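Just so we're aligned: 124 in UniProt numbering is position 124 of the sequence shown, and the numbers increase by one with no gaps anywhere.
Worksheet for the structure shown next.
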Amino acid sequence: MSKFDSVHNNYKGSFSRNANKKWNIKYDTSRSGKIYSELYELIACRVSKSTGNGQILIIGESKQSVIENVIYPMIRMFSTDSVSIISEDKGTVNILDKLVRILSIDEVSESSTMLNDLEYVYGDGICDWNEQSFNILRNSLNNSNGIFDGVCFSIINKPWLIEFIDTEPDLYAESCTIYDSSVLNKANPATRRNLSFTNNEYYRYIMGDW
């Protein structure tokens, strides 16, 4: 069984298990590094199940930020046999033999025709997006059978995005952050490093809201 087959059959993170709405958003993920592995696995699974009847897009603040935040880590996780860059300039990548287009959020507002017939969209760093571009994407996705997974790296502080999460009926939202005990928080950096890199073991807890 290949590495991807294992992931495809067994990804079990809470977001992956519950993200079954048209709009699925995970936010306040700062300091929760393990969360990103789950998201990369989810992207791969969504792409693998796509039918080819619509476009697959990954949208971020810029093409380069998407390549650095999403594509390179997926290459490291799944290898170049499964994920590869076709053209950085054109924003095209190959994920599991499916063509995936990369757009900056500014390109969304400049050309809504690029958003026709959407099957799957992944949004990177959506807390930094502007409302106009998001609404264009929202209208396009609502006019298709596509689904959206998005991640925000911090607490959401934009009123329009908060309102969307609070009022959109076909949406699943989940937040989490790492919680360290008061004892560990008071430990000096050297102590924490020793805990991390010796045979000692300590537990870190994820506080979530979903």
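By construction, the Cβ of each residue, glycine as well, lies at the ideal position given by its N, Cα and C atoms.
Quantities reported herein were computed from a predicted structural model and do not represent experimental measurements.
Using the Cα positions of S79 and I105, report the straight-line distance between them to the nearest angstrom.
-> 27 Å
Flag S133 as yes when its Cβ comes closer than 6 Å to any non-hydrogen atom of the ligand ADP, and as no otherwise.
-> Judged by which ligands are present, the structure shown has none, so any question about the ligand ADP falls away.
Evaluate V47 with the Cβ neighbour count: other Cβ atoms within 10 Å of its Cβ, from every protein chain shown; 16 or more gives buried, anything less gives exposed.
-> buried
To which residues of the same chain is C152 closer than 6 Å at the C-beta, ignoring the five residues directly before and after it?
-> Y27, I126, C127
Reduced DSSP secondary structure (H/G/I, E/B, other) of K26 = strand
Tell me which same chain residues have a C-beta within less than 6 Å of the C-beta of G123, skipping the five on either side of it?
-> I59, G150
Can you tell me the Cβ-Cβ gap for I102 and K63, rounded? I've got them flagged as a contact below 8 Å.
-> 5 Å
With a CB to CB cut of under 6 Å and the five nearest residues on each side skipped, what residues in its chain are close to E201?
-> In this prediction, E201 has a pLDDT of 49, which is less than 50 and means its spatial position is unreliable; nothing more can be read from the coordinates.
Compute the Euclidean distance between the alpha carbons of E38 and S111, then round it to the nearest angstrom.
-> 31 Å
The alpha helix (DSSP H) spanning K18 covers which residue range?
-> The question names Lys, yet the displayed sequence has Asn at residue 18. Its alpha helix (DSSP H) spans residues 14-18.
Which listed residue (K158, D81, L137) has its alpha carbon closest to that of W23 | L137
Expressed to the nearest angstrom, what Euclidean distance is found between the alpha-carbon atoms of V121 and P159?
-> 22 Å
By DSSP, does T167 sit in helix, in strand, or in coil?
-> helix
Test item: CB-CB of I155 and I162 under 7 Å | no
Rounded C-alpha distance that separates R17 from S144 | 23 Å
Assigned secondary structure, S133 (DSSP; H/G/I helix, E/B strand, else coil) = helix
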